[in-house]
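Structure first, then comments.
2 protein chains.
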Amino acid sequence: MPFIVGTPLPNPVPAEEHERCPVTAVLRRVGDKWTVLVVVLLGQRAHRFNELHRAIEDISQRMLTRTLRGLVEDGLVHREVFPTVPPSVQYSLTPLGRTLLEPLSALASWAVEHGDEIASARRPT
Amino acid sequence: MPFIVGTPLPNPVPAEEHERCPVTAVLRRVGDKWTVLVVVLLGQRAHRFNELHRAIEDISQRMLTRTLRGLVEDGLVHREVFPTVPPSVQYSLTPLGRTLLEPLSALASWAVEHGDEIASARRPT
DNA sequence: CCGTATCCATGCTGATACTG
DNA sequence: CAGTATCAGCATGGATACGG
Numbered sequence: 087m088p089f090i091v092g093t094p095l096p097n098p099v100p101a102e103e104h105e106r107c108p109v110t111a112v113l114r115r116v117g118d119k120w121t122v123l124v125v126v127l128l129g130q131r132a133h134r135f136n137e138l139h140r141a142i143e144d145i146s147q148r149m150l151t152r153t154l155r156g157l158v159e160d161g162l163v164h165r166e167v168f169p170t171v172p173p174s175v176q177y178s179l180t181p182l183g184r185t186l187l188e189p190l191s192a193l194a195s196w197a198v199e200h201g202d203e204i205a206s207a208r209r210p211t
Numbered sequence: 087m088p089f090i091v092g093t094p095l096p097n098p099v100p101a102e103e104h105e106r107c108p109v110t111a112v113l114r115r116v117g118d119k120w121t122v123l124v125v126v127l128l129g130q131r132a133h134r135f136n137e138l139h140r141a142i143e144d145i146s147q148r149m150l151t152r153t154l155r156g157l158v159e160d161g162l163v164h165r166e167v168f169p170t171v172p173p174s175v176q177y178s179l180t181p182l183g184r185t186l187l188e189p190l191s192a193l194a195s196w197a198v199e200h201g202d203e204i205a206s207a208r209r210p211t
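If you read the sequences in order, they're chains B and Z.
For any residue, its number in this note's numbering is found by taking its place in the first sequence, counting from 1, and adding 86.
For any residue, its number in this note's numbering is found by taking its place in the second sequence, counting from 1, and adding 86.
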């Protein structure tokens with residue numbers, strides 16, 4: 087019984103229901119500083135850890151680790167360790183992760199199209 | 087030159103470019119605790135302040151104020167004061183705010199469809 | 001009715017240093 | 001190479017009290 091979709095909301099919206107709403111959960115998941123960028127990079131091709139680190143100029147090792155770990159835990163990213171010396175780890179989108187790209191693109195298109203309207207609303211000319 | 091859309095990303099992605107990426111900006115905007123729920127409620131009809139307060143069981147007055155103020159500043163919500171006694175204030179979506187509902191629904195559909203996969207990935211059976 | 005002001009707990013983010 | 005450990009700053013969120 088999640089929100090947004092056509093279904094009418096209960097009134098009042100109970101606390102617990104909002105906590106478990108998958109829509110809010112996904113947005114909060116993806117609304118942090120680095121997740122989307124990492125997902126997009128992995129959507130282009132698989133990357134190794136330091137490859138991502140170099141590809142994102144200002145991310146710290148710590149935040150890259152945390153971001154990837156979160157995505158792996160949610161089943162959106164696949165982590166594969168190759169037992170070479172030195173070790174190498176490859177990250178790639180899972181099938182589930184790839185399905186996320188489409189609705190993300192829809193929101194991206196909106197952002198591209200209306201981003202300047204928001205900016206001009208904030209700083210009126 | 088935002089991310090996600092078909093355009094290839096620079097390598098490395100410069101810090102400044104990521105800061106100003108409208109896609110990330112929108113997701114962080116909408117990725118807080120209450121914004122989406124408020125937008126959805128206002129998408130159904132205009133609400134007064136205390137109407138929203140009652141409609142969302144566990145939101146504090148402070149957070150409702152902050153959420154609404156942010157949306158108004160971004161031009162997504164319209165605030166209209168009626169000089170009655172006691173005063174009444176009505177909030178409604180602007181045309182820009184209404185256009186946000188559609189891409190949000192796309193992400194909502196994804197969340198509804200795949201939310202349980204994420205949940206089961208987190209707690210493997 | 002519609003907020004503000006204050007204080008506080010928690011979490012996100014980053015810098016730096018270190019390890020198998 | 002691919003992380004972990006520790007510490008610190010700032011932002012987010014909530015509780016409570018007060019004001020126009």
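Beta carbons: idealized from backbone N, C-alpha and C, even for Gly.
Owing to the predicted nature of the structure, the values given are computational and were not obtained by experimental measurement.
Against chain B, does E159 of chain Z count as a neighbour if the rule is that its beta carbon must be under 7 Å from one of theirs?
As a working mapping, residue 159 of chain Z is identified with position 73 in the second sequence. True, the Cβ-Cβ gap to chain B drops below 7 Å.
Could you have a look at E199 of chain B and say whether DSSP puts it in helix, strand or coil?
The residue given as residue 199 of chain B occupies position 113 in the first sequence. E199 of chain B: helix per DSSP, three-state reduction.
Please report the straight-line C-alpha distance between P210 of chain B and R165 of chain B, rounded to a whole angstrom.
Numbered from 1 along the first sequence, position 124 holds the residue referred to as residue 210 of chain B. Numbered from 1 along the first sequence, position 79 holds the residue referred to as residue 165 of chain B. Within the model, the alpha-carbon separation for P210 of chain B versus R165 of chain B is close to 46 Å.
So H200 of chain B contacts chain Z; which residues on that side make the cut at Cβ distance below 7 Å?
Position 114 of the first sequence holds residue 200 of chain B. Result: L182 and T185.
If you reduce the DSSP assignment to three classes, tell me which class V171 of chain Z lands in.
Translated into positions along the second sequence, residue 171 of chain Z becomes position 85. Residue state, collapsed to three classes: coil.
Out of B:G161, B:R131 and B:E102, state which residue places its alpha-carbon closest to the alpha-carbon of E203 of chain Z.
Taking the first residue of the second sequence as position 1, residue 203 of chain Z is located at position 117. E203 of chain Z has its Cα closest to that of B:G161, out of B:G161, B:R131 and B:E102.
Flag this pair as yes or no: are the beta carbons of L179 of chain B and G129 of chain B separated by less than 7 Å?
Residue numbering aside, residue 179 of chain B sits at position 93 when the first sequence is read from its first letter. Residue numbering aside, residue 129 of chain B sits at position 43 when the first sequence is read from its first letter. Taking 7 Å as the Cβ cut-off, L179 of chain B and G129 of chain B qualify as a contacting pair.
Give the secondary structure of I142 of chain B by DSSP, where H, G and I count as helix, E and B as strand, and everything else as coil.
Looking up residue 142 of chain B in the first sequence gives position 56. Looking at I142 of chain B - three-state DSSP - the assignment turns out to be strand.
Rounded to whole angstroms, how far is the Cβ of V99 of chain Z from the Cβ of L123 of chain B, which I believe are closer than 8 Å?
Here residue 99 of chain Z corresponds to residue number 13 of the second sequence, with the count starting at 1. Here residue 123 of chain B corresponds to residue number 37 of the first sequence, with the count starting at 1. So it is a contact: roughly 7 Å between Cβ atoms.
Roughly how many angstroms separate the alpha carbons of T93 of chain B and V167 of chain B, rounded to a whole number?
Position 7 of the first sequence, counting from 1, holds the residue named residue 93 of chain B. Position 81 of the first sequence, counting from 1, holds the residue named residue 167 of chain B. Straight-line Cα distance between these residues: approximately 44 Å.
Taking C-beta to C-beta, are H141 of chain Z and Q176 of chain Z nearer than 7 Å?
As a first step, residue 141 of chain Z must be located in the second sequence, where it is residue number 55. As a first step, residue 176 of chain Z must be located in the second sequence, where it is residue number 90. The residue you asked about is not His; residue 141 of chain Z is Ala in the sequence shown. Cβ atoms of A141 of chain Z and Q176 of chain Z: not closer than 7 Å.
Using a Cβ cut-off of 8 Å, pull out every chain B residue sitting near T110 of chain Z, in sequence order please.
For the purposes of this step, residue 110 of chain Z is identified with residue 24 of the second sequence, where counting begins at 1. Correct list: K119, V122 and L123.
Where does R115 of chain Z land, buried or exposed, given buried means 16+ other C-beta within 10 angstroms?
In the second sequence, the residue the question calls residue 115 of chain Z occupies position 29. It is buried - the Cβ of R115 of chain Z has at least 16 other Cβ atoms within 10 Å.
State the DSSP-derived secondary structure class of L162 of chain B, mapped to helix, strand or coil.
Against the first sequence, residue 162 of chain B aligns to sequence position 76. Looking at L162 of chain B - three-state DSSP - the assignment turns out to be coil, as it is neither helix nor strand.
What in chain Z is Cβ-close to L150 of chain B, meaning under 8 Å?
As a first step, residue 150 of chain B must be located in the first sequence, where it is residue number 64. Those within 8 Å of L150 of chain B in chain Z number zero; the least Cβ separation is about 13 Å.
Is there a Cβ from chain Z that is less than 7 Å from the Cβ of P189 of chain B?
Here residue 189 of chain B refers to the residue found at position 103 when the first sequence is read from its first residue. Answer yes: the Cβ-Cβ gap between P189 of chain B and chain Z drops below 7 Å somewhere.
Let me know if V171 of chain Z comes out buried or exposed under the rule of 16 or more other beta-carbons within 10 Å of its beta-carbon.
Counting from one through the second sequence, the residue named residue 171 of chain Z turns up at place 85. Burial is judged here by how many other beta carbons sit within 10 angstroms of a residue's own beta carbon; V171 of chain Z has fewer than 16 and is exposed.
Output yes or no for whether 7 Å exceeds the beta carbon distance between A101 of chain B and P108 of chain Z.
On the first sequence, residue 101 of chain B is found 15 positions in, with the first residue counted as 1. On the second sequence, residue 108 of chain Z is found 22 positions in, with the first residue counted as 1. No.
So the candidates are Z:V126, Z:E188 and Z:R134; which of them puts its Cα closest to the Cα of P96 of chain B?
Here residue 96 of chain B is taken as the residue at index 10 of the first sequence, counted from 1. Per the Cα distances, Z:V126.
Roughly how many angstroms lie between the CA atoms of H200 of chain B and T110 of chain Z, to the nearest whole one?
Taking the first sequence and counting its residues from 1, one reaches residue 200 of chain B at position 114. Taking the second sequence and counting its residues from 1, one reaches residue 110 of chain Z at position 24. So the alpha carbons of these two residues sit roughly 13 Å apart.
For S178 of chain B, write down the residues that DSSP places opposite it in a beta bridge.
As a working mapping, residue 178 of chain B is identified with position 92 in the first sequence. Partner(s): B:H164.
Should P189 of chain B and L193 of chain Z be called a contact, given that it needs their Cβ atoms to be closer than 7 Å?
Along the first sequence, one-based indexing puts residue 189 of chain B at 103. Along the second sequence, one-based indexing puts residue 193 of chain Z at 107. Yes, they are a contact pair.
Going by beta-carbon coordinates alone, are V163 of chain Z and G183 of chain Z separated by less than 7 Å?
Position 77 of the second sequence, counted from the start, is the residue given in the question as residue 163 of chain Z. Position 97 of the second sequence, counted from the start, is the residue given in the question as residue 183 of chain Z. In contact: V163 of chain Z and G183 of chain Z (Cβ atoms closer than 7 Å).
Quick one: is T151 of chain Z buried, meaning 16 or more other Cβ sit within 10 Å of its Cβ, or exposed?
Numbered from its first residue, the second sequence carries residue 151 of chain Z at position 65. Looking at its Cβ environment, which holds fewer than 16 other Cβ atoms inside 10 Å, T151 of chain Z is exposed.
So what's R209 of chain B in DSSP terms, helix, strand or just coil?
As a working mapping, residue 209 of chain B is identified with position 123 in the first sequence. It is coil, neither helix nor strand.
According to DSSP, simplified to helix, strand and coil, what is R131 of chain Z?
On the second sequence, residue 131 of chain Z is found 45 positions in, with the first residue counted as 1. In this structure, R131 of chain Z counts as coil in the three-state DSSP scheme.
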